[in-house]
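Protein chains in written order, with full-length UniProt numbering: chain A, 1 to 284; chain B, 1 to 284; chain C, 1 to 284; chain D, 1 to 284; chain E, 1 to 284; chain F, 1 to 284. All C-beta atoms in this analysis are idealised placements derived from N, C-alpha and C, irrespective of residue type, glycine included. What follows is a short report on a single structure.
There are 6 protein chains.
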Amino acid sequence: MYFYKEDLINVIVPDRPDPAAAKVLQEALGGQFGEMRTMMQFSFQSANFRGKDKKYRDLIRGIFLEEISHVELVQTTINQLLNESGYPEAGDSGQDGAPLDDAIKHANPHHYIMGAQSSLPVDAGGNPWNGSWVYSHGNLIADLLNNLVLESTGVLQKSRIYEMSSNKTFRETLAFLIVRDNAHQNAFAKALETLGVDWGKLFPVPNYDINKYPECRKYVDLGYHNAQFNFRLDATTISEIFQGTSPSRNKGELQVVDPPAGFPVPELPIMPNEHSPGLGDMNA
Amino acid sequence: MYFYKEDLINVIVPDRPDPAAAKVLQEALGGQFGEMRTMMQFSFQSANFRGKDKKYRDLIRGIFLEEISHVELVQTTINQLLNESGYPEAGDSGQDGAPLDDAIKHANPHHYIMGAQSSLPVDAGGNPWNGSWVYSHGNLIADLLNNLVLESTGVLQKSRIYEMSSNKTFRETLAFLIVRDNAHQNAFAKALETLGVDWGKLFPVPNYDINKYPECRKYVDLGYHNAQFNFRLDATTISEIFQGTSPSRNKGELQVVDPPAGFPVPELPIMPNEHSPGLGDMNA
Amino acid sequence: MYFYKEDLINVIVPDRPDPAAAKVLQEALGGQFGEMRTMMQFSFQSANFRGKDKKYRDLIRGIFLEEISHVELVQTTINQLLNESGYPEAGDSGQDGAPLDDAIKHANPHHYIMGAQSSLPVDAGGNPWNGSWVYSHGNLIADLLNNLVLESTGVLQKSRIYEMSSNKTFRETLAFLIVRDNAHQNAFAKALETLGVDWGKLFPVPNYDINKYPECRKYVDLGYHNAQFNFRLDATTISEIFQGTSPSRNKGELQVVDPPAGFPVPELPIMPNEHSPGLGDMNA
Amino acid sequence: MYFYKEDLINVIVPDRPDPAAAKVLQEALGGQFGEMRTMMQFSFQSANFRGKDKKYRDLIRGIFLEEISHVELVQTTINQLLNESGYPEAGDSGQDGAPLDDAIKHANPHHYIMGAQSSLPVDAGGNPWNGSWVYSHGNLIADLLNNLVLESTGVLQKSRIYEMSSNKTFRETLAFLIVRDNAHQNAFAKALETLGVDWGKLFPVPNYDINKYPECRKYVDLGYHNAQFNFRLDATTISEIFQGTSPSRNKGELQVVDPPAGFPVPELPIMPNEHSPGLGDMNA
Amino acid sequence: MYFYKEDLINVIVPDRPDPAAAKVLQEALGGQFGEMRTMMQFSFQSANFRGKDKKYRDLIRGIFLEEISHVELVQTTINQLLNESGYPEAGDSGQDGAPLDDAIKHANPHHYIMGAQSSLPVDAGGNPWNGSWVYSHGNLIADLLNNLVLESTGVLQKSRIYEMSSNKTFRETLAFLIVRDNAHQNAFAKALETLGVDWGKLFPVPNYDINKYPECRKYVDLGYHNAQFNFRLDATTISEIFQGTSPSRNKGELQVVDPPAGFPVPELPIMPNEHSPGLGDMNA
Amino acid sequence: MYFYKEDLINVIVPDRPDPAAAKVLQEALGGQFGEMRTMMQFSFQSANFRGKDKKYRDLIRGIFLEEISHVELVQTTINQLLNESGYPEAGDSGQDGAPLDDAIKHANPHHYIMGAQSSLPVDAGGNPWNGSWVYSHGNLIADLLNNLVLESTGVLQKSRIYEMSSNKTFRETLAFLIVRDNAHQNAFAKALETLGVDWGKLFPVPNYDINKYPECRKYVDLGYHNAQFNFRLDATTISEIFQGTSPSRNKGELQVVDPPAGFPVPELPIMPNEHSPGLGDMNA
């Protein structure tokens, strides 16, 4: 069973609204290599696990638990980027010029139509998330290799998305996720090491100096690229795998640690023009 | 952030393998009105919530938390139904007759191809789960009405699926979910009552005597149709809405309660013929 | 604007329930070459028509109007095939054996889950109807050629589906539609003749003796393969195209005629076990 | 059977071409809550209706009939917005600069590729219309609640789309549809009132002053928000439900009335550069 | 079996990067009437061919072989249009302003996220290529008519896409493909002539003066509109059909000829900022 | 450019018709890990390759070339399995009993509706092939890892499908493809070895004794699990990678060799009842 404490796993840094950034950041939420995919893939792999060697299941489930928080973090970041992006003045609607004309120019129009300027289960191209992207091959080696490709491509894509806006809200969340994807890449690579592979200098994929992203540096200093957060309320055997030297060329020691302290969930203001929340008379 | 204790929210009752039942039960997992949809819909609605009236968000998020456990329950039930459904004798493969010929006759063939006889993110027709089924309208009344239709249709469909097999593994999980969908229907109907609606005798949808399902009776006796489980590790305001008389014609008092004690996750045996888990030499 | 009289365009012949036939007949409703496609394709082509040569638009729209009635005819036929296909005795549910276990063996399970044993906007494989199957090229010749392929394939597929069950409900509707698809094939071929083509003996596609289908014979005797029904309440110029010798090797004279007299819509009984219609206390 | 008179259900107000407006208006045609969905949903619900209480079927079918005209109205509006949006001078193609370079910047490129600058069965994001959006639950209460959410979300989305352009062609059609969606919301809410619900002040959803949209005012003055048009050529029992006080907080008396007088279908000019209509030598 | 020589079927003319052109050119690769569709449609039709009259299969397979080269040509053209479209200076990433901010404004964002600025199996709207677009009706006449519509619409769409940019890389490839689609249109029309049709002046569709596209003229001078390239290493009977007078109003003699001499495949430079190719230490 | 010789890459072994086997074998053609996916994935990766290190591109393209032949082999095998599966006696149609009633019971109904009992671009569940399954990450390591998962899962799935029928036509093709997928797995694993990985005993995935499949044994004896066929008409550098000791625990020496001698394409008989080929008068 799953329990919750109302804390985000990372901070939302305030900056200007940026609907074009919100559009491309959807890839990290509802894209083929986004957080909804990782969450559901690890959910299915841990539920479908066969056999007694539970340290592998504990590892996969442990990362699954973190991905639920990642989904919430990216949803919240997109909401922050969309917040106050249209309707420059409340009550101005329908007078001279169209209040959303400008906002939607480089935006995903569904951000402004389907909901009240908030996140959607779609990718950067507006395609809805699809269950056929989830793989649970039932063969542990195939699953671990697939997860490795998933986390590697996660970093790869986020490092490209990062270059699409210098917005601080946008880049801070991407930087945190890049570092965490590195940790998860290490976790799956390490699990394969227990089966006999010597990776040499293959990882991380992509090959890059993580410190060239200024926002990443503090998370590296915190050791987040070599840490696995433990969200279990009971015992777990993750550390039978996630320990010792990192399989990445960046080296370091792998460690299972407590989750971050938690960050406040920003409150989104009501939008009468968007009819949100729409509590009838209460909304006067 | 999300935490976990390795317990199922309800018991898995053992019975014979039943791949045809596993096929149709997928609707309750990956169908348009299945648990993946409820989980993701309430995830988006709670993350996208606007305004200060947080009791509504707490209610939606509270149900979201339970749905994560429902996803795990249905995945596990499907796995139990598929378990030992093919390969009557290990090592028999490829001799006389094809070991899976019979198993797949009324099965979803992907249950035997994509994974090692285990659950998939698809519906009863084999269509993959789709993000376009998730609605977060950004208008609280529209969201609550949509959730009401979602939970009502959830009961309706499960009461039809229930008639497709008398397998006990299958019916026990459906019965538990039918009662819980009733509770959630009550929750969203009650939230709309706080906005001024008097439902008369409309609910529950469908109109039926829940006690005619023998497996439902014990959950009704436990009061599960009028209870909301609390999975929060911090405070919640659900009970500002979820309290007082049930909006359903079945009446009773609504109450926020502790989650069930938890039930063990069955261990799935390895399947060497399915190459699962496939740990290389360890799998000899 | 569109007007309606509660009459079916053809008779529903009673016969036994046949869920396997209902499943494959969905192709004629929600398949790529089914009636929903023809209806929407001709709707878009007539609304998007350019230029003053309105006889072509009148022709396309005239066939569109008939297709709306075809959609209703196939929906009703599927409903008739599903009617009384499960729950052999009302009130028997959940006792010994599962009432729907048998019904769904060769059925589309969604016929029993999504609705109360009734038609769906899907094809014979259960895939939902898709807007990308609708073509409005904006070039009249390309549109007419596309429509010719559409109607030809319509006949072709229906003549194959016809062989899948000897159920009379099923075959009567297919036979009527085969003859009408022939008429529409003639209409589009004739329109292309006005642009200079001489078809020789190419049509109809497929090449077959329509009289080998006993159910088709009476519609051929009525001249339905060479007739275009007129559903316009104002004037139309269809007969500037739809006149003279048929372009088909079966020959005959093309004629615009009044629609059939109309046939009663069968009343579907309520199904308390399926919670349908579910009128609350009225449903006791 | 369905009959037709070549009249639009509302006027097309001329204004400048606006491809960006055409793109977002597609949501009202081929989106999840657009007119193709309402048309097909009510078509399936009326064909699949069970039982003798035909006033509910007459109500659903009555609205279905109007939706066919709405589809045609939105198709025609999109065509008007695209008309003359590219190729500023005929014959100018391919000389200096690309004639469509500018037009497609904020347009749906398929408007210029798939057809001759005209409407498509897709939503504002370019996703094709999908049959899985159509719900016919087979339980009347679930169907009516679903229809209520559908019409409410219809208004909600159109009131957001309205803010995306001040183009008069665009806003007039949206305003007419907003008022009609209100009427249909009232119809389904009223039908639920006959089953015992007292809505209080819940409706309309969203909660708004319809008169703040100047284009809506005249339709409200005509009483269109409380009227149901009758497109039946035979008798109907709609008025057994659609009568008495409106369930909306805006009050008024519900009335079944004759359809509007009808408005001319604009003629779209040929586009030789787009090869439309492409009548061979006739197109010289 | 299939053999390869590393040559493009046409030249890649260099010009400036143009991501907006790359976006719309995707239609010619992964669109419903693009080269992936023609390739797969003719692959299925030739493999599924029934009967002894192999000249028709040879014709279809012969065009299939050319389409494999067309896929490669369009992939390469898109890559050329995207090349150097972002990151104006390598090493500049993340300093002042976002290096891709501008590039993605009118681009398909997936061109910059999914891969290293290169081609994708999607259409101009970003929708993935779909197998349901491939038709192999099993009836030769229906197949030939469908292929005729496919090739005609191929020309039609490319002649519209041509107007979207004056980029030379873009227009040269489109012009070559327009001429080749004409040849294939002639091939299928001629095959239908062997079955008795007299086309009159119907073809080509669209009706246009191919010489108004300056880039087309040289291919017409080479006779490419009336030629079928022969990629068979063994004997073929294509010329039993593809011979004699062209069925097009443009006339000329049809001829089976050797393929073009072949053009070099441009080398794409590595992009360290895009982590491409990403050869670890070799990529320093 | 691509050239062709009318030879299959492997033999089609005759056996009884088996529509249920044809249905599941579609996974190997149009499934997520089927031959259409491998063909298109390697096509995109080779066209999109960046940099001068062409041995990697030659390797990927070399496998792409073989996959085109695999597509043809699986299409042909499915056709053989469907051949004569319905219409036991020609001319028997429509008399007593329905000729296809039995054939479609465990079949994909589209095999009998869409075409004349022949292969389709869909998977074992009937879902159409989808372009979003093709990955060209633009990072060579990610691409090679992805290809490894693709080929490993290819073997895994085929070894499961193999158990679904003992039909010889079916199993021979699967056995050949299983051995070839092993060779391609070796190729991509070897390419990663050139980047520094030591695989230990990880491969092949799945871990199995290939000789337990009797049909595989002869291909292993021919050395096909360690061979790469060369389909280039010009020079290739594949052997710079594909050489030396196999990375698989099965060991052996890797070698680039000539393709197999080639096997005849079976001729499919005409089916007048299916209107195939449908050559009009010629079809009498």
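For Met39 of chain F, same chain residues with a beta-carbon under 7 Å away, outside a window of 5 residues either side, are Phe64, Glu67, Ile68, Val71 in chain order.
A check of alpha carbon separations from Met164 of chain F across F:Ala21, F:Pro17, F:Trp129, F:Tyr56 identifies F:Ala21 as the nearest. Ala98 of chain B is not a Cβ neighbour of Ser159 of chain F, given a cutoff of 7 Å. For Phe229 of chain D, the enclosing beta strand (DSSP E) has its first and last residue at 227–229. Neighbours of Ala191 of chain E in chain D, taken as residues whose beta carbon is under 9 Å from its own, are absent, since the nearest beta carbon is some 21 Å off.
Judged by their CB atoms, Ser132 of chain C and Pro128 of chain D are nearer to each other than the 7 Å cut-off.
Distance between Pro260 of chain E and Asp58 of chain E, taken at the CA atoms: about 20 Å.
Judged by DSSP secondary structure, Val71 of chain A falls within the alpha helix (DSSP H) whose first and last residues are 54–82. Around the Cβ of Asn211 of chain C, a 10 Å sphere holds fewer than 16 other Cβ atoms; the residue is exposed.
As a beta-bridge residue in DSSP terms, Val257 of chain C pairs with C:Phe229. Residue A:Gly223 holds the alpha-carbon nearest to the alpha-carbon of Val256 of chain A among A:Asp209, A:Gly223, A:Glu274.
Beta-carbon to beta-carbon, Ala47 of chain B and Thr76 of chain A are separated by about 6 Å, close enough to satisfy the 8 Å threshold. The alpha-carbon of Cys216 of chain E is positioned some 7 Å away from that of Val179 of chain E. A distance below 7 Å between beta-carbons, with the five flanking residues on each side excluded, links Gly126 of chain E to the following residues of its chain, in chain order: Asn108, His110.
DSSP places Val24 of chain B in the helix class (H, G or I) of the three-state scheme. The beta-carbon of Leu25 of chain B is placed no less than 7 Å from the nearest beta-carbon of chain C.
Taking 7 Å as the cut-off, the beta carbon of Phe203 of chain D is found closer than this to the beta carbon of Ser248 of chain D.
The residue from E:Asn79, E:Val220, E:Asn230, E:Ser239 with its alpha-carbon nearest to that of Arg16 of chain E is E:Asn79. Within the DSSP bridge table, the entry for Pro128 of chain F names F:Val122 as partners. Spatial neighbours of Ala103 of chain E in its own chain (CB-CB distance under 7 Å, excluding positions within 5 residues in sequence) are listed in chain order as Pro19, Ser85, Gly86, Tyr112. Boundaries of the alpha helix (DSSP H) harbouring Phe170 of chain E: 168–193, taken from the DSSP string. With respect to chain D, the C-beta atom of Tyr208 of chain A has no partner C-beta closer than 7 Å.
Around the beta carbon of Ala183 of chain E, 16 or more other beta carbons sit within 10 angstroms, so the residue counts as buried.
In the structure shown, Arg37 of chain C adopts helical secondary structure according to DSSP, grouped into three states. Here the C-alpha atom of Gly252 of chain E lies approximately 26 Å from the C-alpha atom of Asn146 of chain C.
Assignment of Gly154 of chain D by DSSP, reduced to helix, strand and coil, places it in the helix class. Around the beta carbon of Ala235 of chain C, a 10 Å sphere encloses fewer than 16 other beta carbons of the protein chains shown; the residue is thus reported as exposed. For Ile9 of chain A, the closest alpha carbon among the candidates A:Ala142, A:Ala124, A:Asn230 is that of A:Asn230. Using a Cβ-Cβ cut-off of 7 Å, Trp129 of chain B does not count as an interface residue toward chain D, since no Cβ of chain D sits closer than that to its own. In the structure shown, the three-state DSSP call for Ser276 of chain C is strand. Chain E has a Cβ within less than 7 Å of the Cβ of Lys105 of chain D. By the neighbour-count definition (other C-beta atoms within 10 Å, threshold 16), Lys218 of chain A is an exposed residue. By the neighbour-count definition (other C-beta atoms within 10 Å, threshold 16), Asp181 of chain A is a buried residue.
Around the beta-carbon of Thr173 of chain D, 16 or more other beta-carbon atoms lie within 10 Å, marking it buried. Cβ neighbours of Ala191 of chain F within its own chain (closer than 8 Å, five residues either side excluded): Tyr56, Leu59, Leu144, Ile241. For Thr245 of chain C, the beta-bridge partners assigned by DSSP are C:Glu253.
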